[in-house]
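Taking it in order: structure first as structure tokens, then the write-up.
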Amino acid sequence: MDAHKIMIVDDDPHICEIVEVYCEKEGFTTAYSHQGAEAIQLLKSFEPDLIVLDVLLANENGIDWCKQARQFTDAPIVFLSSQDEDEIKISALTYGGDDYVTKPFSPGVLMAKIKAHLRRVSSGRKEQLLELPGLTLDYYTQSVNMGDTSVFLSKKEFSLLSYMAQNVNRVIGVDTLFQIIWGMESLEDTRTVAVHISNLRKKIEVDPAHPELIVTVRGSGYMLVIENQSS
């Protein structure tokens with residue numbers, strides 16, 4: 004089994020080194036970054052199994068970084084912070100965090116939390132794939148694989164594509180998509196479906212202006228078109 008990959012995002016090099024040393028003692032592979040923009044690029048290339056994230060980065064809020072990172076990964080995020088206020092903890096956990104550890108911290112406790120989250124993820128990580136010709140949906144990483152390319156989607160984008168993939172080559176009405184993905188109690192309206200379809204096309208279509216995968220059936224809705232390549 005490949006070693007778990009731990010990504011550390013903290014503007015304090017000393018903290019990064021401490022966490023790195025303890026992670027490597029556990030056999031984990033590590034990578035770290037001190038800046039938000041750089042860390043997003045590292046996130047995409049490193050594809051960590053878990054992220055240790057400081058609440059206060061240099062010139063950036065770690066919680067804002069977490070919200071951005073959630074567009075690309077579902078890996079558990081463990082916050083580190085010298086701030087102990089309840090409202091900050093609540094905000095961190097509300098906007099994508101899975102745990103919160105206060106500085107100064109015990110490396111042993113942090114490692115125990117990391118391993119607990121990795122066990123939880125691994126226990127539910129049986130291959131969850133929906134495979135179609137030229138298109139594979141990965142329910143664990145919330146991504147779509149097209150050939151050798153993996154594209155991360157937002158939760159709503161993935162839900163839309165997933166539902167259409169389960170009803171491939173069938174027209175699905177806008178109202179149906181809205182009710183299933185957003186729910187009857189949503190404060191949005193059905194126009195938001197078109198916005199998310201447009202964003203989805205930008206990510207998976209060769210030419211979003213002339214879509215071939217997600218086509219509009221005027222007056223009816225949308226259809227995911229997949230040709231049977233076995234014939």
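In terms of my numbering, the sequence shown opens at residue 4 and continues consecutively. Where is the CB? At the ideal position from N, CA and C, for every residue including glycine.
Chain-order list of residues whose beta-carbon lies under 6 Å from that of residue i (same chain, five-residue window excluded)
i	result
Ser162	Ile184
Ser153	Ser146
Asp14	His37, Leu60 and Ala61
Ser233	Unreliable placement is indicated for Ser233, whose pLDDT of 45 sits below 50; no coordinate value is reported for it.
Leu180	Val196
Val171	Leu227 and Ile229
Residue i versus residue j - alpha carbon distance
i	j	result
Tyr35	Glu134	34 Å
Asp89	Val209	46 Å
Lys118	Val55	12 Å
Ala115	Asp178	46 Å
Ser223	Gln71	34 Å
Glu63	Gly39	7 Å
Leu190	Gln182	12 Å
Met149	Tyr98	29 Å
Val228	Asp67	36 Å
Arg173	Val124	34 Å
Thr195	Gln44	29 Å
Leu96	Ile18	21 Å
Pro211	Leu121	37 Å
Thr139	Thr193	27 Å
Met167	Asp151	22 Å
Ser201	Glu215	13 Å
8 Å contact criterion, which residue i and residue j should meet: CB distance rounded
i	j	result
Glu27	Thr33	6 Å
Ile11	Glu29	Going by Cβ atoms, the distance from Ile11 to Glu29 rounds to 14 Å, so no, they are not a contact pair.
Ser157	Gln86	Between Gln86 and Ser157 the Cβ distance is about 28 Å, and since that is not below 8 Å, they are no contact.
Ile9	Asp77	Contact flag wrong, Cβ pair sits at about 15 Å.
Val112	Ile91	So it is not a contact: roughly 19 Å between Cβ atoms.
Run of the beta strand (DSSP E) containing residue i, from where it starts to where it stops
i	result
Gly224	Gly224 to Leu227
Thr105	Asp102 to Thr105
Thr139	Leu138 to Asp141
Phe82	Ile80 to Ser84
Asn148	Ser146 to Met149
Val174	Careful: Val174 lies outside any beta strand (DSSP E) and carries neither H nor E.
Glu134	Leu132 to Leu135
Leu56	Leu53 to Asp57
Ser109	Per DSSP, Ser109 belongs to no beta strand (DSSP E) and is neither H nor E.
Ala34	Thr32 to Ser36
Thr97	It is not in any beta strand (DSSP E) - Thr97 instead sits in the alpha helix (DSSP H) that spans Asp89 to Thr97.
Phe155	Thr152 to Phe155
Contacts around residue i, its chain only, beta-carbon distance under 8 Å, and the 5 residues preceding and following it disregarded
i	result
Gln169	Leu133
Ser94	Ile66
Gly176	Ser223 and Gly224
Leu203	Leu156, Glu160, Leu163, Leu164 and Ile217
Ala6	Gly30, Phe31 and Thr32
Phe108	Leu83
Lys205	Pro211
Val220	Val174 and Met226
Pro16	His37
Chain-order list of residues whose beta-carbon lies under 7 Å from that of residue i (same chain, five-residue window excluded)
i	result
Pro110	Ile21 and Tyr25
Lys129	The predicted model places Lys129 with a pLDDT of 49, which falls under 50 and marks its position as unreliable, so this point remains unresolved.
Lys47	Phe75
Lys106	Leu83, Ser84 and Ser85
His199	Lys159, Glu160 and Leu163
Extent of the continuous alpha helix (DSSP H) run through residue i
i	result
Ser165	Lys158 to Ala168
Tyr25	Pro16 to Lys28
Asp212	The amino acid at residue 212 is misidentified as Asp; the sequence shows Ala. Note, Ala212: premise wrong, no alpha helix (DSSP H); not H, not E.
Ala72	Gly65 to Ala72
Any chain B beta carbon closer than 8 Å to residue i
i	result
Phe181	Chain labels in this structure do not include chain B; a single protein chain is all it has.
Would the region 102-109 count as touching the region 67-87 if we require 3 or more Cβ pairs under 8 Å?
Yes, since at least three Cβ pairs between the region 102-109 and the region 67-87 fall closer than 8 Å, the two stretches touch.
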